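If you're matching them up, the sequences are chains A and B in order.
Residue numbers for the first sequence follow the working numbering, so the first one is 1 and each next one is one higher.
Residue numbers for the second sequence follow the working numbering, so the first one is 1001 and each next one is one higher.
Beta carbons: idealized from backbone N, C-alpha and C, even for Gly.
What you are looking at is a predicted structure, and each value in this text was computed from that prediction instead of being measured.
The structure appears right after this line, and notes come after that.
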Amino acid sequence: MIRMLIPLLVFGALVGLLIAGLKTGDERKLVQSPLIGKPVPEFELPGLHDPDVLRSRDDLLGRPFILNVWGSWCWACRAEHPFVERLGREAGIALVGFNWKDERSDALEWIDRFGDAWDFHLVDYEGRVAIDLGVYGAPETFLVDHRGIIRHKHIGPIDATVFDDLMRRILQLEAEAGT
Amino acid sequence: MTTNLQQAARPLAWLLILLLSGSVLGSAIEPYDFESELQEKRFQALAEELRCTVCQNQSLADSDAPLARDLRQELFRMLQDGRSDLEIRQFMVDRYGEFVLYRPPVAGHTLLLWGGPLALLLIGLIAAVIVIRKRRQAL
């Protein structure tokens, strides 16, 4: 009698495994960045409003900052924009836009329409620096500490929950920076 | 009757031809100026075993996503620079993690992945042997 139950148990275990798989499906799609805990890669990128100004990694060091990857083509960036604006107002640290694989005119038009929430932008239209950053979609949001180490990366749009989580982490980075 | 059938089959045959040619034309690879046939082969091989992170479950070779195009460009540049396959794979892993490798390395944390199928096969074989023996005894 017990032996008859074995296939049923195996079947039950398999169903359990598949249900667990369904639930964590979205999580598994996110690629954990191997760059967390590593320094921001070297770069030199022009600005969006100021294309003549080149900013490098060293220009950003000393204070923690938020690096927010966006593009005018990116639908989810519109969805997260209210929270990006809140970050700009409430975070208390620099909010850097990383305008990725876009076109200047489109990006400027987008900003005219939805508002410029960022302190300044880095423009990467070839996507070379984005590869070094391990960017694979927009929006993505990186938190970088005052020593230039990538401490956190959020993939996908920021919502209320993510915003709270980011703010908590930002406070910690500020505390570490001693400001 | 046969002619009717043939007539009916003709559009289907055309559809098939169209679909097949489409898949050839739709190949995502841009024309690159390879230095040698070997370099081209290495490019193809690497592009096929690296995963496109945006459109997961497609390889870099299959994907038409802008990021996949950038990564192929980068791949080509590194081949031109004379970097080894190992270095190129490491470059991708450093940025996107082991997830980009369609062939993950054999290591402690991938033991189940690589050894799992073999273990299941062994369990199945052992179970089969036991069942067959028992049935023979019963006869």
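Taking 7 Å as the upper bound on Cβ-Cβ separation, chain B lies near residues GLY127, ILE131, ASP132, GLY134, TYR136, GLY137 of the stretch 124-149 of chain A.
For A/SER105, no chain B residue has a Cβ inside 7 Å of its Cβ, as the nearest lies near 18 Å away. DSSP places A/THR161 inside the alpha helix (DSSP H), whose first and last residues are 160-177. Between B/LEU1079 and B/ARG1042, the C-beta gap is smaller than 8 Å, which places the two residues in contact. In this structure, A/LEU87 lies away from A/ILE111, with their beta-carbon atoms at least 8 Å apart. Sequence-distant Cβ neighbours of B/GLU1040 in its own chain, meaning closer than 7 Å and more than five residues away, are PHE1034.
Counting only Cβ-Cβ distances below 8 Å, B/ARG1136 has no contacts in chain A at all, with the closest Cβ about 18 Å away. Using a C-beta cut-off of 8 Å, the stretch 1056-1073 of chain B makes no contact with the stretch 115-125 of chain A, since fewer than three inter-stretch Cβ pairs fall below that distance.
For A/SER105, there is no enclosing beta strand (DSSP E); the enclosing alpha helix (DSSP H) has its first and last residue at 104-114.
Interface residue (Cβ-Cβ distance to chain A less than 8 Å): B/LEU1060 is not classified as such. Per DSSP, the continuous beta strand (DSSP E) segment holding A/PRO46 begins and ends at 44-46.
When secondary structure is reduced to three states using DSSP, A/ILE93 falls in the coil class, being assigned neither helix nor strand. In this structure the stretch 18-26 of chain A does not lie against the stretch 1079-1095 of chain B, because fewer than three pairs of beta carbons, one per stretch, are closer than 8 Å. Residues of chain B whose Cβ lies closer than 9 Å to the Cβ of A/SER33 are, in chain order, ARG1095, TYR1096, GLY1097.
Under the Cβ distance rule, B/VAL1131 does not count among the residues neighbouring chain A, no pair being separated by less than 8 Å. Using a 10 angstroms sphere on the CB of A/PHE98, the tally of other CB atoms reaches 16 or more, which defines it as buried. Comparing alpha carbon positions, the residue from A/HIS146, A/HIS152, A/ALA160, A/ILE158 closest to A/GLU176 is A/HIS146. Closest in C-alpha terms to A/PRO41, from the list A/ARG55, A/GLN32, A/GLY47, comes A/ARG55.
Straight-line spacing of the CA atoms in B/ARG1077 and B/ARG1051 works out to 18 Å.
Taking 8 Å as the CB threshold, A/LYS153 stays off the interface with chain B. Cβ proximity to chain A below 8 Å picks out LEU1067, ASP1070, LEU1071, GLU1074 from the stretch 1067-1085 of chain B. With 16 or more other Cβ atoms inside 10 Å of its own Cβ, B/GLU1074 counts as buried.
Across the set A/TRP75, A/ILE131, A/ARG104, the C-alpha of A/TRP75 shows the shortest separation from the C-alpha of A/PRO157. With a cutoff of 8 Å on beta-carbon distance, A/CYS77 and A/PRO139 are scored as near each other.
When the five nearest sequence neighbours on each side are left out, no beta carbon in the same chain lies closer than 8 Å to the beta carbon of B/VAL1131. Along the stretch 1033-1066 of chain B, going in chain order, the ones with a CB nearer than 7 Å to a CB of chain A are THR1053, VAL1054, GLN1056, PRO1066. Of the other Cβ atoms in all chains shown, 16 or more fall within 10 Å of the Cβ of A/PHE142; this residue is therefore buried. By the C-beta criterion, the stretch 1046-1062 of chain B is judged to be in contact with the stretch 1093-1106 of chain B, since at least 3 inter-stretch pairs fall below 8 Å. For A/PHE83, the number of other beta carbons within 10 angstroms of its own is at least 16, and it is reported as buried.
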